[in-house]
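Student: Heads up: the sequence shown runs through residues 68 to 433, numbered per our numbering.
Positions of the beta carbon are idealized from the N, C-alpha and C atoms, including for glycine.
Remember, predicted model here, so these are calculated numbers, not experimental data.
First the structure, then my questions, so here it is.
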Amino acid sequence: MGLNLAAINSLNLNKLLRRSLEPVAYRFDGAFVKPSNITLSLTNRCNLACPTCAFWKTPNEAKETELTLDEMKTLLAQLREWLGPFVLGLTGGEPFLRPEIFDLIDEADRLGIRTMTVNNGSLLPPRRIEQIKKSPIDLISFSLNHLDPAIHDETRGHPGSAEKIFKAIEDLNYPGRPFKITLSTILMGYSIDHLPDMARWVRDKGLDGITFQILYFESGNDDYEPGWFKKSPYWDDDADKINRGMDALIAARKSGLPITNSVEQMEYMRRYLLDPEGPQDIPCKVGVANLDIEPDGTVRLCDVMDAVGNVREMHPRDIWHSAQAHERRKQIHGCGAACRIKTCNFRQPLLSLAKGQLFPAADGQQ
Ligand SMILES: C[S@@+](CC[C@H](N)C(=O)[O-])C[C@H]1O[C@@H](n2cnc3c(N)ncnc32)[C@H](O)[C@@H]1O
Ligand code: SF4
Ligand code: SF4
68 MGLNLAAINS
78 LNLNKLLRRS
88 LEPVAYRFDG
98 AFVKPSNITL
108 SLTNRCNLAC
118 PTCAFWKTPN
128 EAKETELTLD
138 EMKTLLAQLR
148 EWLGPFVLGL
158 TGGEPFLRPE
168 IFDLIDEADR
178 LGIRTMTVNN
188 GSLLPPRRIE
198 QIKKSPIDLI
208 SFSLNHLDPA
218 IHDETRGHPG
228 SAEKIFKAIE
238 DLNYPGRPFK
248 ITLSTILMGY
258 SIDHLPDMAR
268 WVRDKGLDGI
278 TFQILYFESG
288 NDDYEPGWFK
298 KSPYWDDDAD
308 KINRGMDALI
318 AARKSGLPIT
328 NSVEQMEYMR
338 RYLLDPEGPQ
348 DIPCKVGVAN
358 LDIEPDGTVR
368 LCDVMDAVGN
378 VREMHPRDIW
388 HSAQAHERRK
398 QIHGCGAACR
408 IKTCNFRQPL
418 LSLAKGQLFP
428 AADGQQ
């Protein structure tokens, strides 16, 4: 099914209004603004074993606690009734470990909710590719860290991972496809010089963009270890290399290569790479913008702080207004962590929303 323009306009209007109110909401608790960044994690389980991530250590038994398809459909209806049209991010662990993802995307579409997903590209045999082509999904992102298969595979803990991504992209990237295809790439010191080449590859393939995420402490591990980067094989603290790499990446963005991060965010990334635990002078908006729903229905505002409720027990709207959420917002105010410069805290610019764009555009202008 194509995009419903009326739904997208009211969707963008919703998002525009919420995002404009965020600074005030941030100062005064925030519950009066509805969240604009909704993610549902379908599972914490994963079939790969990336050294940068802890999700793959989730035992298989966790499957028993995951929301069922019916529970997820009820949740979608509650969210739609509360939020109006919105964009739902489907993530994991590896989201394609749950075949129900296709029914969920259909249901979201029926309710006027747009969907995007990020995946590791390793669970897309021809049958799944055909399902994606027929599904009303709006954006599918592939996590690719390097164009050299050996280097990418090393960051994913599995030989053959890169080739599977290249094959899936080739199969899905047909002329006139109605969904966007992007890359999600970890910005690591050790590969920084290679990143403009990846952006050029995205442009040459006719894909819709590449989004960089800073290398941070292990995804899915809430027990932050100070100084973790000193042990990471992917960290490089050569200041000249970092400055040269970030200058080249910003120049690539300004020259119109399809990088979706803003120049402003890339300057924060540079500062972070040079001083990963140093102060970052921007507010963290997760308390007024984010609703992260985990596979068992647990809801968090910040993904490493305590939960604020569970959708199995409460309507998401009531969780948003709960005393726990209020407490967590206070805690977020006092937090000084550097993960505020992650891409989820640098969401789509207001101008691009006003132009009616559903996702951050990679037009070299922002
Ligand atoms: C946790 S994964 C979940 C979705 C899916 N399994 C995938 O890899 O695309 C979401 C994103 O986090 C990225 N990621 C993993 N570890 C990271 C880290 N330590 N720092 C920053 N990003 C990380 C992955 O590359 C991926 O793009
Ligand atoms: S980053 Fe994604 S593919 Fe890698 S272990 Fe984590 S969840 Fe799995
Ligand atoms: S900066 Fe603090 S509040 Fe924000 S996401 Fe990181 S840990 Fe959470």
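How far does the alpha helix (DSSP H) with M139 in it reach, from first residue to last?
Tutor: Residues L136 to L150.
Student: Please classify M68: does DSSP put it in a helix, a strand, or coil?
Tutor: Low confidence applies here, because M68 scores a pLDDT of 41, under 50, leaving its location unreliable; read the following figure in that light. Of the three classes helix, strand and coil, the one that applies to M68 here is coil, per DSSP.
Student: Taking A405 and Y339 to be in contact with their CB atoms under 8 Å, please state how far apart those CB atoms are, rounded to whole angstroms.
Tutor: Right, their Cβ atoms sit about 6 Å apart.
Student: Whose C-beta lies closer than 6 Å to the C-beta of A229 among residues of the same chain, with five residues either side of it excluded?
Tutor: P216, H219 and D220.
Student: Excluding the 5 residues flanking A30 on each side, which residues of the same chain have their C-beta closer than 7 Å to its C-beta?
Tutor: The structure shown has nothing for residue 30, since the chain only spans 68 to 433.
Student: Quick check on this structure: which residue in E133, E197, S251 and R367 has the alpha carbon closest to the alpha carbon of N187?
Tutor: Out of E133, E197, S251 and R367, S251 has the C-alpha closest to the C-alpha of N187.
Student: Report all residues from its chain with a CB closer than 8 Å to the CB of W268; omit the five preceding and five following residues, and keep chain order.
Tutor: Cβ within range, chain order: L214.
Student: Buried or exposed: which applies to Q280, given that a residue is buried once 16 or more other Cβ atoms fall within 10 Å of its Cβ?
Tutor: Classification for Q280: buried.
Student: When the distance is taken between beta carbons, is P383 closer than 8 Å to N111?
Tutor: No; because the gap between Cβ atoms is not below 8 Å, this pair is not in contact.
Student: Give the range of the alpha helix (DSSP H) segment to which F95 is assigned.
Tutor: From DSSP, F95 is part of no alpha helix (DSSP H); its letter is neither H nor E.
Student: Can you tell me which of the three DSSP states V375 falls into?
Tutor: If DSSP states are grouped into helix, strand and coil, V375 belongs with coil.
Student: Roughly how many angstroms separate the alpha carbons of L78 and D205, rounded to a whole number?
Tutor: L78 and D205: Cα-Cα distance of roughly 14 Å.
Student: Any heavy atom of ligand 1 closer than 7 Å to the Cβ of L107?
Tutor: False, no ligand heavy atom lies under 7 Å from that Cβ.
Student: Go through its chain and collect everything with a Cβ distance to I199's Cβ below 7 Å, but skip five positions before and after it.
Tutor: So the list reads I207 and L239, once near-sequence residues are dropped.
Student: Helix, strand or coil: which one does DSSP assign to R86?
Tutor: Helix at R86.
Student: What's the call for R85, buried or exposed, on a 16-neighbour Cβ count within 10 Å?
Tutor: Classification for R85: buried.
Student: What ranges does the alpha helix (DSSP H) occupy inside the region 168–221, keeping only unbroken runs of at least 4 residues that lie completely in it?
Tutor: If we require 4 residues or more, the alpha helix (DSSP H) runs fully inside the region 168–221 come out as 168–178 and 193–201.
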